[in-house]
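A short write-up of the structure that comes next.
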Amino acid sequence: MAEPAELPARLDASAKQRVKDALKAHGEAQLEASGQAVSSERSAAELDPEAPYSSDDLSQSDAAGELHGLLESARERQQADLAAVDLLDFGVKDVVEPGAIVAFGGDYYVVGVVADAFECDGVAYEGISADSPVFHAIAGLRAGDTFAFNGHEHRLDLVC
Numbered sequence: 556m557a558e559p560a561e562l563p564a565r566l567d568a569s570a571k572q573r574v575k576d577a578l579k580a581h582g583e584a585q586l587e588a589s590g591q592a593v594s595s596e597r598s599a600a601e602l603d604p605e606a607p608y609s610s611d612d613l614s615q616s617d618a619a620g621e622l623h624g625l626l627e628s629a630r631e632r633q634q635a636d637l638a639a640v641d642l643l644d645f646g647v648k649d650v651v652e653p654g655a656i657v658a659f660g661g662d663y664y665v666v667g668v669v670a671d672a673f674e675c676d677g678v679a680y681e682g683i684s685a686d687s688p689v690f691h692a693i694a695g696l697r698a699g700d701t702f703a704f705n706g707h708e709h710r711l712d713l714v715c
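Numbering (our numbering), first residue to last: 556 to 715.
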C-alpha cells in the first residue's frame, strides 16, 4: 500500500462517498475471487460416474467437496458483508457510530463493517465491525477523545 496521505481534520460527504465506493469495489473483487474458488472446488469434487476411479480419487473428491462447502460459506459471509456496506449511513459523523471513519494510532478505519485493508485516495483503510471489542471501546467518542484498548491508551485523531 502507498504511504498514508495526510488527511484533513474532517472528510466531507464526497470524500466519504469515495471511501464507500472503494470499500464496495474491494468487497466485490473479493466476492468474485471467492466465486471462482467455489467453482473450481465444485469441479474438483465431481467424479465422472461413467469413468472408473480409485479410492484416492474418491478421497480427493470428498476433500474437495468439503472445501467447496467451506468456501461457499465464506462467500455467503462476504455477500452479507457487502450488503452491510450498502446499509451503512456514510453521512458525516461527529461521534463514532456505524458509518463513521475514524483514525487512531496512524491507521484509518470504516466503522460498522468487516473489511481487510483497502485503499482510497492514497490512504489505507480497514473495517471495524460494530460487534468488535474496539468498536465498544470507541462508540460515542469524538475526535480528540482517548480510550483504552488492549492495555494501551489511544487518541481518536479523526471522527467523521
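All C-beta atoms in this analysis are idealised placements derived from N, C-alpha and C, irrespective of residue type, glycine included. Remember, it's a predicted structure, so these values are computed and weren't measured experimentally.
| query | result |
| --- | --- |
| Backbone CA spacing between Phe-673 and Ala-694 [nearest angstrom] | 23 angstroms |
| Ala-580, buried or exposed, once every other Cβ within 10 Å from all chains shown has been counted against 16 | exposed |
| Bounding residues of the beta strand (DSSP E) (the contiguous stretch that carries Val-658) | Rather than Val, the amino acid found at residue 658 in this sequence is Ala. Where Ala-658 is concerned, the enclosing beta strand (DSSP E) stretches over 656-659. |
| Beta carbon proximity, Ser-569 to chain D, threshold 8 angstroms | Reference to chain D is not applicable here, since this structure consists of a single protein chain. |
| At least three beta-carbon pairs within less than 8 angstroms, the segment 677-687 to the segment 699-706 | no |
| Helix, strand or coil at Phe-690 according to DSSP, with G and I counted as helix | helix |
| Short Cβ contact (8 angstroms threshold) for Gly-654 with Leu-643 | yes |
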